[in-house]
Amino acid sequence: MKRIASLCLALCALQGCATSVRPYDGPFGVYSDVNLGGALTRVTFKGGPLMLPQSAHDLVLLRAAEIALQRGVPYFQSVYENLQISRGAAEFGATNSLNEVIVVRFFQKIPEERGVPYFDAADLVRRISAKYKTS
Numbered sequence: 027m028k029r030i031a032s033l034c035l036a037l038c039a040l041q042g043c044a045t046s047v048r049p050y051d052g053p054f055g056v057y058s059d060v061n062l063g064g065a066l067t068r069v070t071f072k073g074g075p076l077m078l079p080q081s082a083h084d085l086v087l088l089r090a091a092e093i094a095l096q097r098g099v100p101y102f103q104s105v106y107e108n109l110q111i112s113r114g115a116a117e118f119g120a121t122n123s124l125n126e127v128i129v130v131r132f133f134q135k136i137p138e139e140r141g142v143p144y145f146d147a148a149d150l151v152r153r154i155s156a157k158y159k160t161s
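The structure is reproduced here in structure tokens:
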């Protein structure tokens, strides 16, 4: 009986941490974000076969900045980044694709610790939107 109660408690705890993925089709690919709890959010960008890795990185940061501004948070930092490039087999009609994942932490104030790189969300949206003409 104790094992069943422990299992039910564990499942309830896990379900409390689970959040829904919010997809967003942008002009350059598909984004999704998942709130990981507290100030952490995972942002994923999937780009098409002509996407350059630097462009994928810029666009996933753009989406993170947009999320920060939607939440009323002016600053964020990337605490984890992973870029995967999938190369499809041409004979099967598959194409290359990019999948960039970052985990960001949001801040109301500029981090006081020296050497902690952070982004100003409004500035980043302005610069990347102008670069890719997304506005």
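Numbered according to this note's numbering, the sequence shown spans residues 27 to 161.
All residues carry an ideal CB built from backbone N, CA and C; glycine is no exception.
| query | result |
| --- | --- |
| 9 Å Cβ cutoff met for L124 and S112 | yes |
| Under 9 Å between C-beta atoms of G73 and L88 | no |
| Exposure of R152, with buried meaning 16 or more beta-carbon neighbours within 10 Å | exposed |
| Environment of L78 [buried if 16+ CB atoms lie within 10 Å] | exposed |
| Coil, strand or helix - I154 by DSSP | helix |
| Length at least 3, wholly inside the stretch 91 to 138: the beta strand (DSSP E) runs in chain order | 101 to 112, 123 to 133 |
| Buried or exposed by the 16-neighbour rule on C-beta atoms within 10 Å, applied to Q41 | Residue placement at Q41 cannot be trusted, given a pLDDT of 36 that sits under 50; what the coordinates show is reported in the next sentence. Exposed, since its Cβ has fewer than 16 Cβ neighbours within 10 Å. |
| CB-CB length for Q103 against F71, believed under 8 Å | So it is not a contact: roughly 18 Å between Cβ atoms. |
| Cross-strand partners of G63 (DSSP beta bridge) | L66 |
| For V86, three-class secondary structure by DSSP | helix |
| Neighbourhood of G141 by C-beta, 6 Å cutoff - its chain only, sequence neighbours within 5 removed | none |
| L76 classed as buried or exposed, judged by whether at least 16 other C-beta atoms fall within 10 angstroms | exposed |
| Own chain partners of V47 with C-beta closer than 8 Å, once the 5 adjacent residues on each side are dropped | With a pLDDT of only 48 at V47, under 50, the local geometry of the prediction cannot be trusted, and the value read off the model is given with reservation. The answer, listed in chain order, is S58, D59, V60. |
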